[in-house]
Amino acid sequence: MKIIQPIRLALPVCLALLGACTSQPASVEIQEDQQPECPLELYRGQTLTINLPSNPTTGFRWVLVKAAPGVLTSLGPEVYTTPEDAGMVGGAGRSTWRFRAYQAGQDALLMQYQRPWEQAVAPAKTFACEISVD
């Protein structure tokens, strides 16, 4: 009977260690050149950060057409940053969005790089990604 005690104790410890090995990163980051990695598979609670090259001084902006509302929730507005050493008016920078996967399911994320006032003109770039949340 005393031999069974350590085995009962070892099983929960082994299961906990196994669970730690399969844990997912808390955050996933994707950039424009990583679009071929889509569709993305996320887990509930994971943060998705999207970084795209942007230059709003030209009139072009990334427009969030569809934010995968069935599976993602926004963690704030777009954040535009320029390189610290640029110091140039009109220099290009990066637009960043952050989302949290809040519920299981599938939905699409769609962003278009365009001049918002040019309605009849095709976007200069498109970022599209299917999102799957487990």
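If you count the sequence shown from 1, you need to add 351 to reach the numbering used here. The beta carbon of each residue, even a glycine, is placed where N, CA and C say it ideally should be. All of these numbers come straight from a predicted model, not from anything done at the bench.
What does the alpha-carbon distance come out to for the pair residue i and residue j?
{"i": "TYR394", "j": "ASP485", "result": "5 Å"}
{"i": "LYS476", "j": "GLN465", "result": "7 Å"}
{"i": "ARG451", "j": "THR432", "result": "21 Å"}
{"i": "THR373", "j": "PRO467", "result": "Confidence at THR373 is low in this model, with a pLDDT of 48, below 50, so its placement is unreliable and no value can be given for it."}
{"i": "PRO390", "j": "THR408", "result": "31 Å"}
{"i": "PHE411", "j": "PRO387", "result": "23 Å"}
{"i": "ALA455", "j": "GLU392", "result": "10 Å"}
{"i": "LEU461", "j": "GLU469", "result": "18 Å"}
Should residue i and residue j be called a contact, given that it needs their Cβ atoms to be closer than 7 Å?
{"i": "PRO474", "j": "GLN463", "result": "yes"}
{"i": "LEU399", "j": "VAL379", "result": "yes"}
{"i": "GLN385", "j": "ASN402", "result": "no"}
Near residue i, which residues of its chain fall below 8 Å by C-beta distance, leaving aside the five closest residues on each side in sequence?
{"i": "ALA459", "result": "LYS417, ALA419, ALA479, CYS480, GLU481 and ILE482"}
{"i": "PRO434", "result": "GLY442 and GLY444"}
{"i": "THR424", "result": "PHE450, ARG451 and TYR453"}
How should residue i be labelled, buried or exposed, when 16 other C-beta atoms within 10 angstroms of its C-beta is the threshold for buried?
{"i": "VAL422", "result": "buried"}
{"i": "GLN397", "result": "buried"}
By Cβ distance below 6 Å, which residues in the same chain neighbour residue i in space, the five residues on each side in sequence not counted?
{"i": "SER446", "result": "LEU403, SER405, TRP413, GLU429 and TYR431"}
{"i": "TRP448", "result": "ILE401 and GLU429"}
Looking only at its chain, what residues have a beta carbon closer than 7 Å to the beta carbon of residue i, apart from the 5 residues adjacent to it on each side?
{"i": "ALA377", "result": "GLN397 and THR398"}
{"i": "ALA471", "result": "none"}
For residue i and chain D, any beta-carbon pair shorter than 7 Å?
{"i": "ALA475", "result": "Considering every chain present, this structure includes no chain D. It has just one protein chain."}
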